[in-house]
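Okay, so here's the structure we're looking at.
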Amino acid sequence: MMRQPIFRDRPANDLLVGAAIGLGMTARAVVQGGADFLLALNAGRLRVMGAASIAALFPLREANGFTDAFARSEILDRVPVPVFFGASVFDPRLDVPALVARLARTGYAGLANFPTAIHFEGRFRAALEAAGIGFSREVALLRSARAAGLATFGYAKTREEIEGLLAAEVDILCLNFGWNAGGSLGIAGVALDEAADRARRVFQWVRQVRPGTLCVVEGGPIIDSADMIRVCDEAKADGYVGGSTLDRLPLEMSVMQTTSSFKTASLLRPLRDEAQREHARITGLAGLVGQSEAIARMVERIARLVATDLAVLVRGEPGSGRTTVARAVHVASRRTGPFLVLDAADPEIEATLFGGTGALAAPDATVVVEDIAALAPALQERLARVVEQAVVGRFGRGERRGGRLVVTASDPADLAPALLARVEAGRVDVPPLRDRPEDIPLLARAMLRGFAREKRQAAVIEPAAYRLLMTRDWPGNLRELRSLLARAASESPDGTIRSDLVARLCRGPAEARPGPVTDERAWIVDALRRNRFRRAETAAFLGLSRKTLYNKMRRYGLSG
Numbered sequence: 023m024m025r026q027p028i029f030r031d032r033p034a035n036d037l038l039v040g041a042a043i044g045l046g047m048t049a050r051a052v053v054q055g056g057a058d059f060l061l062a063l064n065a066g067r068l069r070v071m072g073a074a075s076i077a078a079l080f081p082l083r084e085a086n087g088f089t090d091a092f093a094r095s096e097i098l099d100r101v102p103v104p105v106f107f108g109a110s111v112f113d114p115r116l117d118v119p120a121l122v123a124r125l126a127r128t129g130y131a132g133l134a135n136f137p138t139a140i141h142f143e144g145r146f147r148a149a150l151e152a153a154g155i156g157f158s159r160e161v162a163l164l165r166s167a168r169a170a171g172l173a174t175f176g177y178a179k180t181r182e183e184i185e186g187l188l189a190a191e192v193d194i195l196c197l198n199f200g201w202n203a204g205g206s207l208g209i210a211g212v213a214l215d216e217a218a219d220r221a222r223r224v225f226q227w228v229r230q231v232r233p234g235t236l237c238v239v240e241g242g243p244i245i246d247s248a249d250m251i252r253v254c255d256e257a258k259a260d261g262y263v264g265g266s267t268l269d270r271l272p273l274e275m276s277v278m279q280t281t282s283s284f285k286t287a288s289l290l291r292p293l294r295d296e297a298q299r300e301h302a303r304i305t306g307l308a309g310l311v312g313q314s315e316a317i318a319r320m321v322e323r324i325a326r327l328v329a330t331d332l333a334v335l336v337r338g339e340p341g342s343g344r345t346t347v348a349r350a351v352h353v354a355s356r357r358t359g360p361f362l363v364l365d366a367a368d369p370e371i372e373a374t375l376f377g378g379t380g381a382l383a384a385p386d387a388t389v390v391v392e393d394i395a396a397l398a399p400a401l402q403e404r405l406a407r408v409v410e411q412a413v414v415g416r417f418g419r420g421e422r423r424g425g426r427l428v429v430t431a432s433d434p435a436d437l438a439p440a441l442l443a444r445v446e447a448g449r450v451d452v453p454p455l456r457d458r459p460e461d462i463p464l465l466a467r468a469m470l471r472g473f474a475r476e477k478r479q480a481a482v483i484e485p486a487a488y489r490l491l492m493t494r495d496w497p498g499n500l501r502e503l504r505s506l507l508a509r510a511a512s513e514s515p516d517g518t519i520r521s522d523l524v525a526r527l528c529r530g531p532a533e534a535r536p537g538p539v540t541d542e543r544a545w546i547v548d549a550l551r552r553n554r555f556r557r558a559e560t561a562a563f564l565g566l567s568r569k570t571l572y573n574k575m576r577r578y579g580l581s582g
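Given below as C-alpha cells:
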C-alpha cells in the first residue's frame, strides 16, 4: 500500500500539537482548539473514568478492544484530523499482522505503541523482553503498520529504544518524560530544565541519523503552554503531545473553579458585579485591551483613583499606551470636560498651561502632559505649585472641580522633586508588552479590526503566527506591534497573515539571538539584561541549559 507523508506541508515555525485522549467530547474540543492529530489511547479513556493514566499499564481491560470501541463510536469519522490508534502488544496471544490489517480497514491514519513497555524498568522490564512481549514487539508492530501503509508514532525514553524506532522508520518519534506532573493525580519526575536539555541532545542525534523523522515531546514536567514552548524551543522539537494536560488538568481546574463560583455566588455577587462593571466600563470606553494579570492590576489602580482628584503620574515605556491609560483615568473619573493632550516639548506649552485662565482651570477637564521630563525644571516647579494650590483651594469647600493633571514619563526620577511629590500618590504603572504576552492575540485582533474601520485592508492572523508574536520582546511596545501588523496586512493579498510573513517581518527568530560570541561574559550580561535578569528565560534565549548558564555565571562572577 502506498504511504503518504504526514505533516510535511505544515507552515514554517508551526509546532505540531497532538492530543492523547479518550472521549469524543474532548476530541471535538481539542480539534476546535487547533490540534493537528489525535491519539486514541486506553489511558485517555481511563482518565475520564476517574483513574490515573498509569492504570493503562495494568490488565484492567482488554486494551485494544477497549480502545477501538470508544474510538469507533465517538472519534473516528467525527474529526477532520488524523487519528492514531494506541495498540497494546502485551497479550502473548495477539496476532500482530491481523490486528494491523483490521485497524487499517477501520480507518485509522496510523498506529502508536501504547500502552508501552518504556514505562517499566529493571528486572520486570527484562522479563517482558525475554517473554517476547516487551518493546521489541512494539517495534515489530510499528514495522507491520508501516508496511500496511499506516503512519507510525513511536514512544521512547532511552537511546536503545530510540534506535529501535529509527530502524523501524517511524514517522513521528515521541520522547516521553514519564507520567505528567500537576493536578490531583500527577506524578513528580524529571525537572523541566533537564527535560529540555535531554530533548535537545536527543533530537540533534536523531536528525543526524534519520533527518526525516518528526520529533515531538510529551509528559513529565510539561504541564502548560509556557513549559511546552520552553522545551520545544530549546530542543528545536517539531511539536508536543498532550494527554493529561489537555483533558485531566483543564477539567480538574475548570470544574473546581466553576463549582466553587456557584457555591459562593450568593456571597460574592454584589462585589463581583460591581468590580466587573467598573472594569468593563473603564476598558471599553477607554480602549484598553487585555485580560492579563498586569492589565487587571492596572485597571484596579485606575478604579481606585476614581473617587479622588489626585494628579496622576502614568509611568511606562514609550509606545506602551500611556496616553490611552490617561484617557482611562478621564473616563473612570466621569469628567464631563475636555480631554487635552499636550506635548511637554511644545514651545507654546507654557502659555497653554499658565496663560490666561490656563488649561488646568477648565472645569472637569483632564490635562495630559506627555513626556513630562522634557518640560523645563522651572516650569515643572511652577506646575507643582498650581497643583498644590488647586488641592488646597478645594479642600473642605465643596467647590466645582477644576482640571485634573496627568503627566506621563518613562522614569519618575526625571521629574523635578516638587512635581514628583505632587503626582506620586496617583501613580499608575503601564506594563510593557513583553510582560503581558498573553494579551497579544486580543491586541492583534483589536488592531486589525481598527484597520478595517479605517478602510485599510481587512486581515486575519493564522494561529501559528500568534506564537511568533508572543515570543518577541517588542521594545517598541504597542506602537511596534501596530506597525508590524499594518505592514503584514498590506502584504497579505488574500487577507490572511501567515507565520512565514510574520517571521520575515520580525527578522526571523534566529536573528533575534545575540551575534557571534567574542566576549562570553559580555554576551551573557547582554542576554541577562534583555531578559530582565530572569535566568530561565536567559538560558532559553542563549540556547543553553539552565545548569550550563549557572555554571558560566559563577565562572564570570555574575551569580550574585
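Residues in the sequence shown are numbered consecutively from 23, following our numbering. Beta carbons are placed, not taken as given, at the ideal position from N, Cα and C, and that holds for glycine.
Query: Identify every residue that forms a DSSP beta bridge with Gly132.; Result: Phe106, Ala173
Query: Less than 8 Å between the C-beta atoms of Val311 and Asp457, yes or no?; Result: no
Query: Grab me the residues of Ala190's own chain with a C-beta within less than 6 Å of its C-beta, minus the 5 sequence neighbours each way, in chain order.; Result: Val161, Leu164, Arg165
Query: If you follow the alpha helix (DSSP H) that Thr358 is in, where does it begin and where does it stop?; Result: That residue, Thr358, is in no alpha helix (DSSP H); it is neither H nor E in DSSP.
Query: For my contact list, Asn86 and Leu121 are in at a C-beta cut-off of 8 Å; report their separation, rounded to the angstrom.; Result: 7 Å
Query: Is DSSP giving Gly472 helix, strand or coil here?; Result: helix
Query: Hey, which unbroken runs of the alpha helix (DSSP H) at 4 residues or more fall wholly within the segment 227-262?; Result: 247-257
Query: Between the alpha carbons of Glu84 and Ala77, how many angstroms are there, rounded?; Result: 13 Å
Query: Return the CA-CA distance between Ala51 and Leu382, expressed in angstroms with no decimal places.; Result: 55 Å
Query: Going by the beta-carbon positions, is the gap between Val429 and Val450 smaller than 8 Å?; Result: no
Query: Where do the ends of the beta strand (DSSP E) carrying Leu38 lie?; Result: 38-43
Query: Quick check on Pro538: does DSSP put it in helix, strand or coil?; Result: Because the pLDDT at Pro538 is just 39, under 50, the model does not fix this residue reliably, and the point stays unresolved.
Query: Among Asp495, Arg568, Arg577, Ala508, which has the Cα closest to the Cα of Ile483?; Result: Ala508
Query: For the alpha helix (DSSP H) containing Asn64, list its first residue and its last residue.; Result: 64-70
Query: Between which two residues does the beta strand (DSSP E) holding Glu392 run?; Result: 388-392
Query: Mind checking Gly171: buried by the 16 CB within 10 Å criterion, or exposed?; Result: exposed
Query: So, at 7 Å on beta carbons, what are the nonlocal neighbours of Val408 in its own chain, with the 5 sequence-adjacent residues on each side left out?; Result: Leu382
Query: Name the residue from Arg577, Met575, Thr560, Tyr578 whose alpha carbon lies nearest to the alpha carbon of Asp215.; Result: Thr560
Query: Considering only the beta carbon of each residue, do Glu240 and Asn198 sit closer than 8 Å?; Result: yes
Query: What separation, rounded to the nearest whole angstrom, lies between the Cα atoms of Leu173 and Pro81?; Result: Note on residue identity: the sequence assigns Ala, not Leu, to residue 173. Taking the straight line joining both Cα atoms gives about 27 Å.
Query: Rounding to the nearest angstrom, what Cα-Cα distance links Ser521 and Ile251 in this structure?; Result: 16 Å
Query: Hey, could you find the ends of the beta strand (DSSP E) Arg337 is sitting in?; Result: 334-337
Query: Kindly give me the distance between the Cβ atoms of Asp269 and Thr48, rounded to whole angstroms, as I take these residues to be in contact under 8 Å.; Result: 5 Å
Query: Mind checking Arg543: buried by the 16 CB within 10 Å criterion, or exposed?; Result: exposed
Query: Across which residues does DSSP place Asp365 in a beta bridge pair?; Result: Glu392
Query: Once DSSP output is grouped into helix, strand and coil, what is the label at Val429?; Result: strand
Query: Are the segment 124-140 and the segment 176-184 in contact at 8 Å, needing three or more beta carbon pairs?; Result: yes
Query: Which value, in whole angstroms, describes the spacing of the CA atoms of Val105 and Arg222?; Result: 27 Å
Query: Below 8 Å between beta carbons: does that hold for Ala257 and Ala218?; Result: yes
Query: Under a three-way DSSP split, which group does Asp193 fall into?; Result: coil
Query: Return yes when the Cβ of Ala354 is within less than 8 Å of the Cβ of Leu327, no when it is not.; Result: yes
Query: Just mark Met320 as buried or exposed, buried being the case when its beta carbon has 16 or more other beta carbons within 10 Å.; Result: buried
Query: Cutting at 8 Å between CB atoms, please list the residues of its own chain near Ala395, excluding the five before and the five after it.; Result: Ala366, Ala431, Ser432, Asp433, Asp436, Leu437
Query: Helix, strand or coil for Leu382? Go by DSSP, reduced to three states.; Result: helix
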